[in-house]
Amino acid sequence: MSGDNLTESKNTDKPDNNIKSYNNIEKKVVIIGGGPAGLAAALEANRGGIPPGEILIIERDRELGGILNQCVHAGFGLHLFGEELTGPEYAQRFIDEIKAKKIGYVTDSMVLSVSPDRTVTFISPRLGFGRIAAGAVVLAMGCRERTRGALNIPGSRPAGIFSAGTAQHYVNIDGYMPGNRVVILGSGDIGLIMARRMTLEGAEVRCVCEIMPYSGGLARNIAQCLDDFGIPLLLSHTVTEIRGRERVEGVVVSRVDENLRPVPGTERYIECDTLLLSVGLIPENELTREAGIEIDRVTGGAVVNQDMETSVEGIFACGNALQVHDLADYVTLEAYRAGMSAAAYALRGPGAQDPAGMIPTRAGEGIRYIVPHKIARGAAAGVKLFFRVSGIYRDVTVRLTAGVSEKGVTNNVRLRDYKKRIVTPGEMEQIEITEKTAAQLQNAVSIGVELCKKET
Amino acid sequence: MQLPNNANNTKNANIAKELYDIVIIGAGITGCMTAYKLAGYNLRVAVAEAGDDVARGSTRANSAIVHAGYDPVPHTVKAEMNVKGCAQMPYICEKLKVKYRACGSLVAAFFEEETAALRTLYDRGTLNGVPGLELIDAARLRALEPNIADSAVAALWAPSAGIVCPYGLCIAAAEAAAAAGTEFFFDFSVNGIVKDDDVFHIAAEDGRVLRARCAVNAAGAHVREIALMAGEDNFPVRIIPRRGEYMLLDKSEGRTVSRPLFSVPTDKGKGILLTPTVDGNMIVGPNSHVVDSPDDTATTADGLAELTEGAARTVKNLNTRAVITSFSGIRSTPDSGDFYIKASDTVPGLLHLAGIESPGLASSPAIADRALELLFAMGLKAEARCGFTGERPPVIRMDELDDGAKQRLIEHNPAYGRIVCRCEGITEGEIVDAIRRLPGASSLDAVKRRTRAGMGRCQGGFCSSRVAAILSRELGIGMEDITKNGGASYILTGGQR
Chain A
1 MSGDNLTESK NTDKPDNNIK SYNNIEKKVV IIGGGPAGLA AALEANRGGI PPGEILIIER
61 DRELGGILNQ CVHAGFGLHL FGEELTGPEY AQRFIDEIKA KKIGYVTDSM VLSVSPDRTV
121 TFISPRLGFG RIAAGAVVLA MGCRERTRGA LNIPGSRPAG IFSAGTAQHY VNIDGYMPGN
181 RVVILGSGDI GLIMARRMTL EGAEVRCVCE IMPYSGGLAR NIAQCLDDFG IPLLLSHTVT
241 EIRGRERVEG VVVSRVDENL RPVPGTERYI ECDTLLLSVG LIPENELTRE AGIEIDRVTG
301 GAVVNQDMET SVEGIFACGN ALQVHDLADY VTLEAYRAGM SAAAYALRGP GAQDPAGMIP
361 TRAGEGIRYI VPHKIARGAA AGVKLFFRVS GIYRDVTVRL TAGVSEKGVT NNVRLRDYKK
421 RIVTPGEMEQ IEITEKTAAQ LQNAVSIGVE LCKKET
Chain B
1001 MQLPNNANNT KNANIAKELY DIVIIGAGIT GCMTAYKLAG YNLRVAVAEA GDDVARGSTR
1061 ANSAIVHAGY DPVPHTVKAE MNVKGCAQMP YICEKLKVKY RACGSLVAAF FEEETAALRT
1121 LYDRGTLNGV PGLELIDAAR LRALEPNIAD SAVAALWAPS AGIVCPYGLC IAAAEAAAAA
1181 GTEFFFDFSV NGIVKDDDVF HIAAEDGRVL RARCAVNAAG AHVREIALMA GEDNFPVRII
1241 PRRGEYMLLD KSEGRTVSRP LFSVPTDKGK GILLTPTVDG NMIVGPNSHV VDSPDDTATT
1301 ADGLAELTEG AARTVKNLNT RAVITSFSGI RSTPDSGDFY IKASDTVPGL LHLAGIESPG
1361 LASSPAIADR ALELLFAMGL KAEARCGFTG ERPPVIRMDE LDDGAKQRLI EHNPAYGRIV
1421 CRCEGITEGE IVDAIRRLPG ASSLDAVKRR TRAGMGRCQG GFCSSRVAAI LSRELGIGME
1481 DITKNGGASY ILTGGQR
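For the record, the sequence lines run as chains A and B.
If you read the first sequence in my numbering, its first letter stands for residue 1, the second for the next number, and so on.
If you read the second sequence in my numbering, its first letter stands for residue 1001, the second for the next number, and so on.
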């Protein structure tokens, strides 16, 4: 059970348990967050040459594992392990390895600040106030859910409105049902997963409303979580009013036009006692901002280079704190890169980078964003560009381009084309820069990705 | 220092045998400020509240402004209470350790024709005794508020106005009163008042009865129902519930204006207002619409659009997409237009504090003073309470401590080392304290009002289940019994099958 028992935090299997105070100590690599990103970054930092005792993971919850602990559904690890694991199983593989290698971690500990010179402060019931000078820092704080307030849905403010992740915590961690008759707004993956979960637990999920003309969730989740249970997905629909004084009694659902505005006359009242919101995830970056690190307005995460290094040297970012992923496997892979880079930095020390040699990435036609945001000219080979498209496109060409400047005019020259049967905003795409492509970037002022076909 | 929570154990006690000197009906700012001032005397005082906490009506949702007093018509009770109350507010907030900002307020005119209205307000305010009023030109207005719309031509500057957290003040006053022995009874929905042998028997729906020599009617939107129950056959006040909708903006917008900025009032109301809050957010609102029920605090799409448009006319560069939440509050507008602060002619021992709409927050200290005068005039005998300082038991705010103090506090009580609300940085220690204080928090929203846990960007998405677990443990009740704000506002519908 959560949040209540101080003695629980006195676990004896913590390698760092013998340390009485964390005030004014030094660590080579400090990792903020013990979810899939933080765990992978720690393991890779160790493989990169940092001794286990010189690594410290700081986790705010009682246990390592992050959000995976409440994701009891299967589907994790297909890409990485070639098998279908539940969230806790996936996390446990990494936790077991962390423990076996005696890599340092503290739980129940909340980081308060990260300074540009990599001083990390935190508090914890067991350890009190901590201040650590870190050789390198990895930001792996994950993300949070958008709220009702951000949507400004009119109506009353009764109990029974939850973000899908909060409801998931109640059901899967605490063992309680947050509602009996449920409407879900937003077809993000957590919303889809919760539609199935609530149904399996005996609730009636009346519908899932999605304001966009397409779902933001994975196709496999729509099939397995909605279609298999006959739960209607209302595209181009949103909740326009919440009713109920003490507990939700119902919601009004309306169709929206192409500008996403509710169409008068299309209102429908749906009785329910619960409204779940799955309307987007926001990378958790309060610490990042306070450290003065540059943030990408589109992703909500840090601006990074090919090493996952942020605009403040020696501070790296990965996982959902960097960009919202749809698969934990990709979080792990991204975190490996950040962990390896952090280890290299901690061993080498500051001042090895030349910003003049960086090529910015460019999100062209039909592309919402690309991570990383810049690539060192000499280290482009093998770098993966992760990106999301801005709509659903079928039979489309994804084009990798190089910006070439001639007489003050920049043209985006084709480097390579990739044929795609379908691309959707719900599924992250990636392109790996080959040796051959990298060689073509000698004089490029940018490297871009764009789509070469009309939206269907 | 910490006492056991009485929110529940008094519920079942045989409270009828206790004879109070005074029972106050209603624990909004009017009732709680009256209880606070009464706590300075050795009287037995109880407060009966229909909600699960103090500050559940208009006190919860209003503009959070201590008005200077240029609005009320001169020579009304409202005018007198407003100016006197406003003058006291900084001292009361200092004593109760409640954040108060003496920022003044502005009323801006956007057309030349509106400047006459500014002059009217200036004259009114001067007659009412508002200190320091000035009519200022566009250049000075722009220097004070650089984001004001280009069309602004002049303004009324009222330096004595301020901002305060209304429910924070109400909670603090209640805590100081409770520390002096005032008892609070929640979920006490009064449904009958009988006077027998000079004693009021005040009964709740659930059968509890409070007995008192005097009764104070501070029931906000419900004052008329209480007056009629008490046998008042000629109660002159009728309440017209008027709803005002608000939007609360993120701290990123908290510097759009530096003080409450009103537009010249029209026949529709005071115009859309922008004001910073003491916690650094920005409030936009209110509009004003008569509603059927004093409990109808819904927001509407039209209303929110009205706020957005009104704000756009007043200031430049406001990012209304930074809305954290929207809400609405009910003004208990009396049909007469004035406060009705009067001892009953027909029911001896009954005092009405009725028709307290805006500026009820600013007026509350003066209304409480007047209430005491009227109670003493009824023949109530009291001496000053020995040792009463007017302060509340100290509150620890973790984020106000330096690193060394944090370390010592966590060593003393490890619960102060566990952050439960990530957005606002609120620890388990602070939440436990909010539950154990008197009157203590017994619902998620009550914890939120006291600690700000759940009030940040994620709006409780992460911490609400943790706060519910702490409430469950501290109050000794099941998770299924935890509510958002009392009544049937249950968070959960049951355990898993």
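Even for Gly, the Cβ is constructed at its ideal location relative to N, Cα and C.
- Sixteen is the threshold: when 16 or more other Cβ atoms of the shown chains lie within 10 Å of the Cβ of A/Y345, as they do, the residue is buried.
- Residue environment: B/L1210 is assigned as buried (16 or more neighbouring CB atoms within 10 Å of its CB, all protein chains considered).
- Assignment of beta-bridge partners to A/E429 by DSSP yields A/F387.
- Taking all protein chains in view, the Cβ of B/S1252 is surrounded by fewer than 16 other Cβ atoms within 10 Å, so the residue is classified as exposed.
- The beta-carbon of B/D1481 is placed no less than 8 angstroms from the nearest beta-carbon of chain A.
- Proximity of A/S156 to chain B, defined by a Cβ-Cβ separation below 8 angstroms, is satisfied.
- B/A1354 and B/Q1088 have their C-alpha atoms spaced approximately 21 angstroms apart.
- For the C-beta of A/D273, the chain B residues within less than 9 angstroms are, from N- to C-terminus, T1493.
- When C-alpha distances from B/I1324 are compared across B/L1133, B/L1248, B/G1390, the shortest belongs to B/L1248.
- Bounds of the alpha helix (DSSP H) holding A/V331 are 328-348.
- B/S1442 and B/A1046 have their alpha carbons spaced roughly 19 angstroms apart.
- Between the region 209-217 of chain A and the region 299-315 of chain A, the count of Cβ pairs shorter than 8 angstroms is below three; the stretches do not touch.
- A/Q430 is classed as exposed because its beta carbon has fewer than 16 other beta carbons within 10 Å across all chains shown.
- Within the DSSP secondary-structure output, B/P1276 pairs in a beta bridge with B/M1282.
- Inclusion of B/I1226 and B/R1450 in the CB contact set at 8 angstroms is not warranted, their separation being larger than that value.
- For the 8 angstroms CB-CB criterion, A/E284 and A/R144 form a contact.
- For A/S446, the enclosing beta strand (DSSP E) begins and ends at 446-451.
- Straight across, the Cα-Cα distance linking A/D228 with A/S109 is about 41 angstroms.
- By the Cβ-count criterion, A/G66 is buried, with 16 or more other Cβ atoms from all chains shown falling within 10 Å of its own Cβ.
- By the Cβ-count criterion, B/T1389 is exposed, with fewer than 16 other Cβ atoms from all chains shown falling within 10 Å of its own Cβ.
- At least one CB of chain B lies nearer than 8 angstroms to the CB of A/I123.
- A contact between stretches requires three or more CB pairs, one per stretch, nearer than 8 angstroms, and the region 1166-1181 of chain B meets this requirement with the region 1386-1401 of chain B.
- A distance below 8 angstroms between beta-carbons, with the five flanking residues on each side excluded, links A/A219 to the following residues of its chain, in chain order: T424, G426, E427.
- Partner residues in the beta bridge of A/P283, as assigned by DSSP, are A/C143.
- Around A/A159, the beta-carbon contacts reaching into chain B at under 7 angstroms are T1483, K1484, S1489, Y1490, I1491.
- The CB of A/R247 comes closer than 7 angstroms to the CB of A1488, S1489, Y1490 in chain B, given here in chain order.
- Within 7 angstroms of the CB of B/I1410, the CB atoms of chain A belong to I123, P125, G128, F129, in sequence order along the chain.
- Contact between the region 151-167 of chain A and the region 239-250 of chain A is present, with at least three C-beta pairs closer than 8 angstroms.
- A/R421 carries a strand assignment under DSSP once its states are collapsed to helix, strand and coil.
- Taking each of B/N1234, B/A1212, B/A1298, B/R1418 in turn and checking the Cα distance to A/E246, the smallest one comes out for B/A1298.
- Close to chain B, meaning a Cβ-Cβ distance shorter than 9 angstroms, are the following residues of the region 162-178 of chain A: F162, S163, G165, T166, H169, Y170, V171, I173, D174, G175, Y176, M177, P178.
- If you draw a straight line from the Cα of A/R297 to the Cα of A/I447, it is about 19 angstroms long.
- When C-beta distances to chain A are compared with 9 angstroms, the residues of the region 1288-1302 of chain B below that value are D1295, D1296, T1297, A1298, T1299, T1300, A1301, D1302, in chain order.
- In this structure, the beta-carbon distance from B/C1214 to B/G1162 does not fall below 8 angstroms.
- Between B/G1486 and B/D1053, the beta carbon gap of about 7 angstroms places them in contact (Cβ cut-off 8 angstroms).
- In this structure, A/E432 and A/R399 do not form a Cβ contact; the two beta carbons are roughly 15 angstroms apart against a cut-off of 8 angstroms.
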